[in-house]
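Here is the structure:
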């Protein structure tokens, strides 16, 4: 992709503008409480469904070969199940990719 | 007043350190697409993780549109609206409309969670202090990651490129462990996301819309079948607090 400064700035403006308004508008206007259990539940699930949809299958294309990326996903899930925190899990995933790519290079 | 600011700075330190690490991997991801000042500017203007990352994917997609960018950003960041409403009831009367407009950018999962844990009302000066280090950590982490992404060899940046996904896994999996219905929601989201990628009839849908559709349907289905009761969770506050725990934990 060739870099287009105007397009980048327009995208940035849209992104930053919407992000700001999503925070600021309810902060100044809505001082009541959201009572609907359904919509509260919906919003509580959103972060997890968004992150899942963004991770799979995109992670498979984050490295030069799918094998190392798939291994990284597996080790990340295992590390997380074992109770590692954000940074710990990220390090495990990175080391897995380095290891698998390294082995593949030697083969 | 200065004491409040100092307390905010102190409370914000662990968040700032955690943010540095997360945004470092955002910087690496961004460096594959943009020069480092432009990647850094995205972080400085947004202060969101998932929202920015989706934005980056939409920028990279030649077929992406402004409407898609606006809708994806709106949807992914919608939880901040819920937090803003909750926070609204927790702030002191000195938090005037002008100060709210200035400080609204500080409403992130982790800053919100720490604010809500305060025993007393949240003052503007405390909130400013609390937001300062996370903002700096987020911006500097992105810059460092983006610069490293441009100078490190491909093999290393490939490895670092999965770091952000690793962190996403580290947010989602623990919640699946403690709250079984989340497994259902995540399974639907992943199944649909795979369908958008690999089913030829659906592969024309651009990445931003695919994320919106997957997450909306999965969250609606989960909210319908497994509503979260008030005592079980205080809406978005629970997952947010969970992330804060992770950030604190990762610092040890």
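Protein chains in written order, with my numbering: chain A, 720 to 826; chain B, 52 to 303. Backbone N, C-alpha and C fix where the C-beta goes; we use that ideal spot for every residue, glycine too. All values reported here derive from a predicted model rather than from experimental measurement.
When rounded, the separation of the alpha-carbon atoms in residue 61 of chain B and residue 53 of chain B is 12 Å.
Taken in chain order, the complete beta strand (DSSP E) segments of 3 or more residues contained in the region 178-256 of chain B number zero; there are none. By the neighbour-count criterion, in which 16 or more other beta carbons inside 10 Å mark a residue as buried, residue 723 of chain A falls on the exposed side. By alpha-carbon distance to residue 811 of chain A, the top candidate from B:230, B:220, B:93, B:277 is B:220.
Across the structure, residue 74 of chain B and residue 826 of chain A are spaced so that their CA atoms are roughly 34 Å apart. Listed along chain A is no residue with a C-beta nearer than 9 Å to that of residue 78 of chain B; the closest approach is about 13 Å. The beta carbons of residue 795 of chain A and residue 217 of chain B sit about 4 Å from each other, so the pair counts as a contact at 8 Å.
When rounded, the separation of the alpha-carbon atoms in residue 126 of chain B and residue 263 of chain B is 7 Å. From the listed residues A:745, A:727, A:785, A:728, the smallest Cα separation to residue 139 of chain B is found for A:745.
Distance between residue 193 of chain B and residue 759 of chain A, taken at the CA atoms: about 32 Å. Proximity of chain B to residue 785 of chain A at the Cβ level (cut-off 7 Å) is not reached, the minimal Cβ distance being about 12 Å. Contact between residue 158 of chain B and residue 135 of chain B holds: CB atoms are separated by about 5 Å, below the 8 Å threshold. Within chain A, the C-beta atoms nearer than 8 Å to that of residue 117 of chain B come from 729, 730, 733, in chain order.
CA-CA distance, residue 742 of chain A to residue 233 of chain B, rounds to 25 Å.
DSSP places residue 173 of chain B within a strand segment (E or B) once states are collapsed to three. In its chain, beyond the 5 residues on either side, 94, 95 have a beta carbon closer than 6 Å to the beta carbon of residue 190 of chain B. No Cβ of chain B is located within less than 9 Å of the beta carbon of residue 826 of chain A. Annotation: residue 784 of chain A is outside any alpha helix (DSSP H) and is labelled neither H nor E by DSSP. Collapsing the DSSP output to three states places residue 142 of chain B in a strand. When secondary structure is reduced to three states using DSSP, residue 723 of chain A falls in the coil class, being assigned neither helix nor strand. Put simply, the region 267-282 of chain B touches the region 755-770 of chain A. At least three CB pairs are less than 8 Å apart. Residue-level contact check: residue 199 of chain B does not touch chain A, since none of the beta carbons of chain A fall below 9 Å from its beta carbon. Contact of residue 747 of chain A with chain B by beta-carbon distance below 9 Å involves 135, 139, 148, 151, 152, 155.
The beta carbon of residue 58 of chain B lies closer than 8 Å to those of 177, 180 in the same chain, with the five residues before and after it left out. Listed in chain order, the non-local C-beta contacts of residue 97 of chain B below 8 Å within the same chain comprise 103, 106, local neighbours out to five positions each way being set aside. Non-local beta-carbon contacts of residue 237 of chain B in its own chain, meaning distances under 7 Å to residues more than five positions away in sequence, involve 223, 227 in chain order.
In the structure shown, the three-state DSSP call for residue 260 of chain B is helix.
Rounded to whole angstroms, the separation of the alpha carbons of residue 725 of chain A and residue 739 of chain A is 21 Å. Taking 8 Å as the upper bound for CB-CB distance, residue 78 of chain B and residue 212 of chain B are not in contact here, some 11 Å apart.
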